[in-house]
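Q:
Numbering (my numbering), first residue to last: -5 to 548.
1. Pick from 379, 433 and 150: whose alpha carbon is nearest that of residue 469?
2. Evaluate residue 313 with the Cβ neighbour count: other Cβ atoms within 10 Å of its Cβ, from every protein chain shown; 16 or more gives buried, anything less gives exposed.
3. Which value, in whole angstroms, describes the spacing of the CA atoms of residue 443 and residue 327?
4. Since I believe residue 187 is in contact with residue 216 (beta carbons under 8 Å), could you give me their beta-carbon distance rounded to a whole number of angstroms?
5. Which whole-angstrom value is the C-beta distance of residue 502 and residue 396, which I expect to be below 8 Å?
6. Taking only the alpha-carbon atoms, compute the straight-line gap between residue 481 and residue 419 and give it to the nearest angstrom.
7. Just checking my contact of residue 361 with residue 348 at CB under 8 Å: how many whole Å lie between their CB atoms?
8. Determine the closest residue to residue 410 out of 511, 153, 51 and 494, with distance taken between C-alpha atoms.
9. Is the segment 239 to 253 close to the segment 313 to 324, with three or more CB pairs under 8 Å?
10. Let me confirm a value: residue 392 is counted as buried when at least 16 other C-beta atoms fall within 10 Å, else exposed. Which label applies?
11. Taking Cβ to Cβ, would you say residue 455 is nearer than 7 Å to residue 376?
12. Of all the beta strand (DSSP E) runs that stay within the bounds of the segment 167 to 229, which reach a length of 3 or more residues?
13. Here's the rule I'm using: 16 or more other beta-carbon atoms within 10 Å means buried, otherwise exposed. How should residue 149 be labelled?
14. Looking at the structure shown, is residue 29 part of a helix, part of a strand, or coil, going by DSSP?
15. Where do the N-terminal and C-terminal ends of the alpha helix (DSSP H) with residue 412 fall, by residue?
16. What's the C-alpha gap between residue 131 and residue 309?
17. For residue 544, which of 445, 471 and 416 has the nearest alpha-carbon?
18. Going by the beta-carbon positions, is the gap between residue 486 and residue 363 smaller than 7 Å?
19. Measuring alpha carbon to alpha carbon, tell me which of 248, 334 and 160 ends up nearest residue 37.
20. Quick one: what's got a C-beta closer than 6 Å to residue 120's C-beta in the same chain, skipping five residues either side?
21. For residue 114 and residue 398, I'd like the C-alpha separation in whole angstroms.
22. Going straight from the alpha carbon of residue 290 to that of residue 68, what length do you get?
23. May I have the straight-line CA-CA distance separating residue 205 from residue 75, to the nearest angstrom?
24. Are the CB atoms of residue 95 and residue 72 within a distance shorter than 7 Å?
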């Protein structure tokens, strides 16, 4: 079987698995977030934190809950890392330096999981399991809660109430993420991923010296890192490491975990707003972009240029032979079109255009299908922009799901789509203009610029993958990428929740003959075009200096 055929069959199998899971998981999540029942363990948690799960919140109260919980999480994770040297199960590792501890705490709480350290050489079992893995659950649940709040804004009328953040947080964690993670961890263990609390041990000679590895609760952290679109690996090699991702089947299963909740949330959206066709329109938009990017990535990496490429069957540099170009390309696109950031190959080693595709996937806003929660609310913001553009073309006040998109709503949507590019481009410009940050670049020219642009794109979009080659463990990059991650995560949430509150207060607008049908293929095409054009206008000059220049020169 040719590598191209093998890659196509993997993509087909993955699509079929996602299609099978779409309806039951989407309906189940809608039921979870619409339920009025509270299970006993959930009641214990509410009592411990002093929350009333039945109290409805308006958007400012919902936002305060998001920010307060996240701030406490950053502080807890920071202190846990600073105290590592005196904790049991530290494996002899010292406390994490302040700038790196801040960067890591901001990263995992922001659902980014950017890592400027080698996990197996820096973090002990307590920090990995009690700190990082816990944030993989709750940061994902925060994103899902904000998405559900926006969906309620469309579904409700003449009220500013968006539900209860604490109830949404706990339900998302205990009823959705935890059960799937238990099953997924068992599957990964059966595939060969490790799950233990072993210490550091020698495994043999390596280049004249002794090679050492430490164990860990890897399978359980691996499954939630993918399912929650987090991305932080137990080991520095991330999902290219055989302890995390041992076989081609585990590789495909991990890609499935990355995509299944973001895609299924479109059905949750359709179910909660009372129109499954609206959910299908959003799903179609996401699927077209995902399949298009995957096909384009596979084409660029399989293209033969010269005898080395022909001998290897494609661009194999930086890729694991057990996954091949097909499995690596599918994983790379899934990772960068969501806010996952996990890697099973190194994007810096991709062709110039291949690296640009991975970067562009993040710059779209990671909305196809995007992160758990963040992908859905990001796509709904773009849907509002699309109906606004359609309204301008026909001279009619735009409407979406029976809600008028007025001045307030479009201003909030515009602020949402501007904040992340502003962070990426301003931080990148500062890093390239100052004398010290460019010293961290391994490569000169266009590729070196791509390393810096990719780092801030990854941080501000809460992706967390790295281009490789950039030494990001410096005070400058730890501090500025940490700020980019926090601002890129929580400032957009402010606009999303404010928009949700504004929509919930409106009364429904009756559909007329002039109403744009947003559940039709025509609108889905308009939405795809809007996303590509807005991203192209925003990032094209920067992309032209980096991956496009490199690709055209090769």
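Note that beta-carbon positions come from the ideal geometry of N, C-alpha and C, so glycine has one too.
A: Answer, in terms of the structure:
1. 433
2. buried
3. 21 Å
4. 6 Å
5. 4 Å
6. 14 Å
7. Not really, about 21 Å apart at Cβ, beyond 8 Å.
8. 494
9. yes
10. buried
11. no
12. 194 to 200 and 203 to 208
13. buried
14. coil
15. 401 to 427
16. 35 Å
17. 445
18. no
19. 160
20. 81 and 83
21. 52 Å
22. 38 Å
23. 26 Å
24. yes
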